[in-house]
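*Asks:*
In the working numbering, the protein residues as written are 1 to 161.
1. Does DSSP classify residue 88 as helix, strand or coil?
2. CB-CB under 7 Å to residue 98, same chain, minus the five flanking residues each way: which ones, in chain order?
3. By Cβ distance, which residues of its chain are closer than 8 Å to residue 147, with the 5 residues on each side in sequence left out?
4. Does DSSP put residue 11 in a helix, a strand or coil?
5. Determine the burial state of residue 107: buried for a count of at least 16 other Cβ atoms within 10 Å of its Cβ, exposed for fewer.
6. How many Å lie between residue 65 and residue 143 at the Cα?
7. Are the segment 117–132 and the segment 4–14 in contact at 8 Å, needing three or more beta carbon pairs?
8. Looking only at its own chain, which residues have a Cβ that is under 6 Å from the Cβ of residue 74, when we skip the five neighbours before and after it?
9. Out of 48, 120, 70 and 92, which one is the CA nearest neighbour of residue 133?
10. What whole-angstrom Cβ distance do residue 162 and residue 90 have, given they're in contact under 8 Å?
11. In chain order, what residues of the same chain have a beta carbon less than 8 Å from the beta carbon of residue 122, not counting five sequence neighbours either side?
12. Between the alpha carbons of residue 154 and residue 86, how many angstroms are there, rounded?
Shown next as structure tokens:
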């Protein structure tokens, strides 16, 4: 994948840039893929369910409402994602187990960390349009992420691979 600044230089008119607020935690420092969205609040049941299935090189975007009160992803879910072919996870919320996650071959960016796990109430919605960081994120669009930031495109860019 080309670095996000290069993508911005070449495809500026096609990209939305997520407000810089995410930190990179996974071993895979740059990643891209087709977006699957989950909207949940302090309940990672649906996140766990989907990361346990085939990722097919996609990026799971988790809209946790920006909650900093608990983690929605930890080392177990990051490991599932890596094993099942997910390229990355973007969490608009927190993660935990950062030392372990740093060694797992998956892209993982989040707002911050919290050692508290989420509740399990089986709530949340799959593949709906989500909004955070000044952008609208639509399932089926593409996310590109690295240490420079996160950009969203409506199509897979030729420079992505």
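Here a beta-carbon is modelled for each residue, glycine too, at the ideal position from N, C-alpha and C.
*Replies:* In this structure, then:
1. strand
2. 25 and 113
3. 24, 29 and 30
4. helix
5. buried
6. 19 Å
7. no
8. 96 and 97
9. 92
10. Missing from the structure shown is residue 162; the chain here goes from 1 to 161 and no further.
11. 43, 45 and 46
12. 19 Å
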